[in-house]
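Residue numbers (this note's numbering), protein chains in the order written: chain A, 228 to 626; chain B, 2 to 246.
In this text, a Cβ means the ideal position worked out from N, Cα and C, and glycines have one as well.
Keep in mind it's a predicted model, so treat the numbers as computed, not measured.
Below: the structure, in structure tokens.
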Amino acid sequence: MISLAGRDILHAWGKFIFTGVGLGLLIGVTLTMAGVYRGMVDDGKVLLDNSGADLWVVQKDTLGPYAESSSVPDDLWRSVRAMPGVSQAVNITYLTMQVRRGTEDVRAMVVGITAGEPGAPGWPPHLVGGRQITRGHYEAVADLATGFRIGDVLSIRRNRYTVVGLTRRMVSSSGDPMIFVPLKDAQEAQFLKDNDAILMQRRRTTANPAFNRPGAPDLLDAVIASQTGNSYVNAILVRIRPGFTSQEVAEPIRRWKRLTVYDRAQMEGILIGKLIATSARQIGMFLVILAVVSAAIVAFIIYTLTMDKIREIAVLKLIGTRNRTIAAMILQQSIVLGVIGFVVGKIAATFAAPMFPKYVLLVPIDSIRGFLAVLGICTLASVVAIRMALKVDPAEAIG
Amino acid sequence: MGTRGIRIEKLSKRFGEGDTAVLALKNVNMQVAPGEVVGLIGPSGSGKSTLLKCLGAVIDPTSGRMTLDDTVIYDDGWKVRDLRALRRDKIGFVFQAPYLIPFLDATDNVALLPMLAGVPNEDARRRALELLTALDVQHRARAMPSQLSGGEQQRVAIARGLVNRPPVILADEPTAPLDSERAMAVVRILNDMARRFETAIIVVTHDEKIIPTFRRIYHIRDGVTHEEAGEGRDFERPLHAVAAS
Ligand SMILES: Nc1ncnc2c1ncn2[C@@H]1O[C@H](COP(=O)(O)OP(=O)(O)OP(=O)(O)O)[C@@H](O)[C@H]1O
Ligand SMILES: [Mg+2]
Numbered sequence: 228m229i230s231l232a233g234r235d236i237l238h239a240w241g242k243f244i245f246t247g248v249g250l251g252l253l254i255g256v257t258l259t260m261a262g263v264y265r266g267m268v269d270d271g272k273v274l275l276d277n278s279g280a281d282l283w284v285v286q287k288d289t290l291g292p293y294a295e296s297s298s299v300p301d302d303l304w305r306s307v308r309a310m311p312g313v314s315q316a317v318n319i320t321y322l323t324m325q326v327r328r329g330t331e332d333v334r335a336m337v338v339g340i341t342a343g344e345p346g347a348p349g350w351p352p353h354l355v356g357g358r359q360i361t362r363g364h365y366e367a368v369a370d371l372a373t374g375f376r377i378g379d380v381l382s383i384r385r386n387r388y389t390v391v392g393l394t395r396r397m398v399s400s401s402g403d404p405m406i407f408v409p410l411k412d413a414q415e416a417q418f419l420k421d422n423d424a425i426l427m428q429r430r431r432t433t434a435n436p437a438f439n440r441p442g443a444p445d446l447l448d449a450v451i452a453s454q455t456g457n458s459y460v461n462a463i464l465v466r467i468r469p470g471f472t473s474q475e476v477a478e479p480i481r482r483w484k485r486l487t488v489y490d491r492a493q494m495e496g497i498l499i500g501k502l503i504a505t506s507a508r509q510i511g512m513f514l515v516i517l518a519v520v521s522a523a524i525v526a527f528i529i530y531t532l533t534m535d536k537i538r539e540i541a542v543l544k545l546i547g548t549r550n551r552t553i554a555a556m557i558l559q560q561s562i563v564l565g566v567i568g569f570v571v572g573k574i575a576a577t578f579a580a581p582m583f584p585k586y587v588l589l590v591p592i593d594s595i596r597g598f599l600a601v602l603g604i605c606t607l608a609s610v611v612a613i614r615m616a617l618k619v620d621p622a623e624a625i626g
Numbered sequence: 002m003g004t005r006g007i008r009i010e011k012l013s014k015r016f017g018e019g020d021t022a023v024l025a026l027k028n029v030n031m032q033v034a035p036g037e038v039v040g041l042i043g044p045s046g047s048g049k050s051t052l053l054k055c056l057g058a059v060i061d062p063t064s065g066r067m068t069l070d071d072t073v074i075y076d077d078g079w080k081v082r083d084l085r086a087l088r089r090d091k092i093g094f095v096f097q098a099p100y101l102i103p104f105l106d107a108t109d110n111v112a113l114l115p116m117l118a119g120v121p122n123e124d125a126r127r128r129a130l131e132l133l134t135a136l137d138v139q140h141r142a143r144a145m146p147s148q149l150s151g152g153e154q155q156r157v158a159i160a161r162g163l164v165n166r167p168p169v170i171l172a173d174e175p176t177a178p179l180d181s182e183r184a185m186a187v188v189r190i191l192n193d194m195a196r197r198f199e200t201a202i203i204v205v206t207h208d209e210k211i212i213p214t215f216r217r218i219y220h221i222r223d224g225v226t227h228e229e230a231g232e233g234r235d236f237e238r239p240l241h242a243v244a245a246s
């Protein structure tokens, strides 16, 4: 027996390729959508991986430092380090802001890292070029995605930094590339007041008789110094000693230091379950709509292709073709259309993914699921056409 | 009582209901023996196609009785469950227009029938090609229907009607678009089939060239038939003999 579906496709290949490509673009969008979601999850995981931390110590009752703002005193890390099971504890600041690059600016997450050695929590784990920060001020390590190159000068607030090293795929949970600067500089950037604000506050403090006492001139200086200084960071990253569980280490810090402590699993839960949850639902809705639209379009195309063949189907029935054979022909064509669409869509998504501003991660399991969904949709879509074909009266063919 | 061939008794067919009803066949009686080719002639609208369609299980008669190849297929209602299988296995139909499958070439349009009956592709194609050769279209065997002339399409359609060597062949104006030489070839092949495979054949025609070749003719007018003897004139020597198999 010859393949009726195959012969018809060969005969009208232009129509099939054309509709297949159209369908493919739709499938491509769907796959890319799934990739956008995967990319968001991956951004979150990459952020946690690259931080090199086992525990995040943040302000009490906050979901900091990524999902909510958090500030803890910058001298607290010493006592955290002294807690049992803690191997390293370092300050860190995160601030998402616009960083000037020449005449334009890029959105980036500025990370303040403590002076120390590479490999400490918070430090970029590996560079693709240049070196790590060695000086306490005005050096920066930037992610390639910021567009900076080694030797470039970038401005954060009032200060200028020279880029000495480059990273790849160091991003915040919302996909903004990171710029690492020394902690002191970052603290200044985050909590820095502009000159006018400082002057205003100084004037107010001076005018306050409680601080400006005639008998104690040093008091005013001390108060002003404490107001201008910035002694907060966003979180303390903790690495635990081998042999301790995160639970064992986190519990005493929570109890004694009155801080909130998250381990890796909890942090992932916050990033994926809370920070990107709305976006994920948004994408989920899109996926549902796209799937429904694709299904409707496949159904419509298959229906139209079958309508065009009513005559032939009637003749096939007239010469004794079984319903099974006719149904198989329509189903096979529907599936071929789906396969063409899937291949086109997969190729389109693969080529389009790098062009997106944020990370689009195409994972094989999504492709497999997508393929199965396409097959399912095509099968369902052909049901309508098959039902119609089986109702055709052979007598109609010969009018 | 066994009746090989075709037997039609009191067959009626009414189209529509009430005032607009058309009585296309009125108590038609007809009998065709195995190995016999009979002509069915009558003016346009007299009910010729309707008769063939009823007999070919394409449309439902209104009443009467039809027997095909020893089987009562209709007796005031269909007596066969699978009409499609009946058409495939018992009846070769040549319609008034070719109705070829546009996405199959000439050979496969013919070979599809034996393939549907389970004959291997190569055997089916060989049988198809033999018939196309006998009908003088073997040179267009690989052409698609849209590339064939009307007469070529008609000959492919005739080959399709004959290829399964059914016990009954119903041909509705098979020679209308053909020149006299090729029309004669068709008549020759039909007679050859009838003789060799004991086929009962009804040929509807207006074609003056072929009417004299029938030994028996049914005339039909306003849905009523009457039988008369034909001339049974001999036809010239074959163009190509039907390959024996
Ligand atoms: N589907 C139908 N519905 C209603 N009337 C029909 C239908 N088919 C045929 N008729 C009528 O039945 C009568 C017989 O038609 P039929 O097609 O059998 O004629 P015919 O003898 O084959 O004519 P022709 O030589 O023109 O092919 C005509 O009056 C026709 O109008
Ligand atoms: Mg007719």
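- Residue environment for Leu113/B: buried (at least 16 other C-beta atoms within 10 angstroms of its C-beta).
- Residues are counted here when their Cβ sits less than 8 Å from a Cβ of chain A; for the stretch 54 to 75 of chain B these are Lys54, Val59 and Ile60, given in chain order.
- For Met512/A, the enclosing alpha helix (DSSP H) has its first and last residue at Ala504 to Met534.
- Close to chain A, meaning a Cβ-Cβ distance shorter than 9 Å, are the following residues of the stretch 92 to 105 of chain B: Ile92, Phe94, Phe96, Gln97, Ala98, Tyr100, Leu101, Ile102, Pro103, Phe104 and Leu105.
- Straight-line spacing of the CA atoms in Ile92/B and Gly57/B works out to 7 Å.
- For Leu393/A, no alpha helix (DSSP H) encloses it; the enclosing beta strand (DSSP E) starts and ends at Asn386 to Thr394.
- With the criterion set as a beta carbon lying under 7 Å from some beta carbon of chain B, the stretch 566 to 589 of chain A has no members that meet it.
- Look at Ser521/A: its beta carbon is at least 7 Å from all of the heavy atoms in ligand 2.
- Put simply, the CB of Asp77/B is far from chain A, with every gap to its CB atoms at 8 Å or more.
- By DSSP's assignment, Val284/A forms a beta bridge with Ile463/A and Val488/A.
- One residue list follows from the rule of a beta carbon closer than 7 Å to any heavy atom of ligand 2, given in chain order as Lys49/B, Ser50/B, Gln97/B, Asp173/B, Glu174/B and Val205/B.
- In the three-state reduction of the DSSP assignment, Phe375/A falls in the coil class.
- Shown here for Pro103/B: same chain residues with a beta carbon closer than 8 Å to its own, the five before and five after excluded, namely Met145, Pro146 and Ser147 in chain order.
- Within the stretch 538 to 569 of chain A, the residues whose Cβ lies closer than 9 Å to any Cβ of chain B are, in chain order, Arg538, Glu539, Ala541, Val542, Leu543, Lys544, Leu545, Ile546, Gly547, Thr548, Arg549, Asn550 and Thr552.
- Pairing Asp106/B with Thr505/A, the inter-Cα distance amounts to about 57 Å.
- Less than 8 Å divides the Cβ of Val476/A from the Cβ of Met310/A.
- Rounded to whole angstroms, the Cβ separation of Arg328/A and Gly356/A is 17 Å, and the two are not in contact under 8 Å.
- Residue side-chain check: Val23/B places its Cβ nearer than 7 Å to a non-hydrogen atom of ligand 1.
- In this model, Thr51/B and Leu558/A are separated by some 34 Å (Cα to Cα).
- By a beta-carbon distance limit of 8 Å, Ala555/A does not contact Ala608/A. Their separation comes to about 15 Å.
- If the five residues before and after Gly279/A are omitted, its C-beta is found closer than 8 Å to the C-beta atoms of Gly346, Ala347, Pro348, Gly349, Trp350, Pro352, Leu464 and Arg466, all from its own chain and listed in chain order.
- In the displayed model, Lys27/B falls within a strand according to three-state DSSP.
- Collapsing the DSSP output to three states places Arg234/B in coil.
- Secondary structure of Asn165/B (DSSP, three-state): coil.
- Pro99/B: not part of any beta strand (DSSP E); DSSP gives it neither H nor E.
- Two segments are said to touch when three or more pairs of C-beta atoms, one from each, lie closer than 8 Å; by this definition the stretch 15 to 24 of chain B does not touch the stretch 571 to 588 of chain A.
- Between the stretch 264 to 273 of chain A and the stretch 294 to 307 of chain A, the count of Cβ pairs shorter than 8 Å is below three; the stretches do not touch.
- For Ser181/B, the enclosing alpha helix (DSSP H) begins and ends at Ser181 to Phe198.
- Taking the Cα positions, Gln560/A is about 21 Å away from Gly547/A.
- For Gly339/A, no alpha helix (DSSP H) run applies; the uninterrupted beta strand (DSSP E) run containing it begins and ends at Glu331 to Ile340, by DSSP.
- Taking C-beta atoms as the reference points, Ser297/A and Gln315/A fail to come closer than 8 Å.
- In this structure, the C-beta of Gly65/B stays at least 7 Å away from each heavy atom of ligand 1.
- Between the stretch 361 to 378 of chain A and the stretch 236 to 251 of chain A, the count of Cβ pairs shorter than 8 Å is below three; the stretches do not touch.
- With a threshold of 7 Å, the Cβ atom of Gly46/B counts as near ligand 1, since some heavy atom of the ligand is closer than that.
- Closer than 7 Å to some heavy atom of ligand 1: that describes the Cβ of Phe16/B.
- Ligand 1 never approaches Gly57/B closely enough for any of its heavy atoms to be under 7 Å from the residue's Cβ.
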